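Step one of this worksheet: look at the structure below.
Numbering (the working numbering), first residue to last: -12 to 137.
Now the structure itself:
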């Protein structure tokens, strides 16, 4: 088994900002991601819940600036938010890179397969033949196919 990679020591400015953000006190969740990343929760005035990481910036990366992550969900969806945070944290730790920056509110990590429309357009760009039918296009009674929007 390989030796564990030591954590880096970034500035404390961002963790301090996370704790003070929105003037709301955070709750520290019992569950940690990878043993070293804490997850904080803040209940927002809008009724949604904000889950933030504290410790992702300590993971060593080969490129990109240190980051912390945040996911805003409706109450009851904290488990889904933890899964999303875990996926991105695993990507940062495993590939030693930070997520790409994107639009506010947009997903910035592609740790999962692309949607079918993106995969088929990639095949076309690569010169491969792409199928124009999918399971939703075949009419069960006639066996004929019709075009759909996917």
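Where a beta carbon is used, it is the ideal one built from N, C-alpha and C, also for glycine. Since the model is a prediction, treat every value here as computed from it, not as a measurement.
**Asked** Are the beta-carbon atoms belonging to residue 16 and residue 28 less than 8 Å from one another?
**Response** The residue you call residue 16 lines up with position 29 of the chain shown. The residue you call residue 28 lines up with position 41 of the chain shown. Yes, the pair counts as a contact, with Cβ atoms nearer than the cut-off.
**CA-to-CA distance, residue 34 to residue 62, given in whole angstroms** = Along the chain shown, one-based indexing puts residue 62 at 75. Along the chain shown, one-based indexing puts residue 34 at 47. Going from the Cα of residue 62 to the Cα of residue 34 covers about 8 Å.
**Request:** Quick one: residues in its chain with C-beta nearer than 6 Å to the C-beta of residue 11, no 5 flanking neighbours on either side, listed in chain order?
**Result:** The residue you call residue 11 lines up with position 24 of the chain shown. Taken in chain order, the residues that qualify are 29.
**Request:** Would you list the residues sitting across from residue 30 in a DSSP beta bridge?
**Result:** Reading the chain shown from its first residue, position 43 is the one you call residue 30. Paired residues: 36.
**Close beta carbons around residue 68, own chain, < 7 Å, minus the five adjacent residues each side** = Along the chain shown, read from residue 1 onward, the residue named residue 68 stands at position 81. Result list for residue 68: 38, 58, 60, in chain order.
**Item:** Proximity winner among 66, 31, 46, relative to residue 22 (alpha-carbon distances)
**Value:** Position 35 of the chain shown holds residue 22. Nearest of 66, 31, 46 to residue 22, Cα basis: 46.
**Item:** Nearest to residue 19 (by Cα), restricted to the options 4, 42, -3, 13
**Value:** Indexing the chain shown from 1 puts residue 19 at position 32. Of 4, 42, -3, 13, the residue nearest in Cα terms is 42.
**Prompt:** What is the DSSP secondary structure of residue 65, reduced to helix, strand or coil?
**Reply:** Within the chain shown, numbered from 1, the residue matching residue 65 stands at position 78. Here residue 65 sits in helix by DSSP.
**Asked** When DSSP labels each residue in this structure, what does residue 84 get in the three-state scheme?
**Response** Position 97 of the chain shown, counted from the first residue, corresponds to residue 84. Reduced to three states, the DSSP call for residue 84 is strand.
**Item:** Exposure label - residue 79; buried when at least 16 CB within 10 Å
**Value:** If you number the chain shown from 1, residue 79 lands on position 92. Burial call: buried.
**Request:** Please work out which residues of its chain come closer than 8 Å, Cβ to Cβ, to residue 49, disregarding the five sequence neighbours upstream and downstream, and give them in chain order.
**Result:** Taking the chain shown and counting its residues from 1, the one referred to as residue 49 is at position 62. Contacts found: 83, 84.
**Asked** In terms of alpha-carbon separation, which member of 77, 53, 31, 54 lies closest to residue 14?
**Response** Residue mapping note: residue 14 aligns to position 27 of the chain shown, counting from 1. Out of 77, 53, 31, 54, 31 has the C-alpha closest to the C-alpha of residue 14.
**Request:** Have a look at 7, 87, 81 and flag the residue whose alpha-carbon is nearest the alpha-carbon of residue 54.
**Result:** Mapped onto the chain shown, residue 54 falls at position 67. For the residues 7, 87, 81, the minimum Cα distance to residue 54 belongs to 87.
**Message:** Tell me the rounded alpha-carbon separation between residue 77 and residue -6.
**Reply:** As a position in the chain shown, residue 77 is number 90, starting the count at 1. As a position in the chain shown, residue -6 is number 7, starting the count at 1. Those two C-alpha atoms are separated by around 14 Å.
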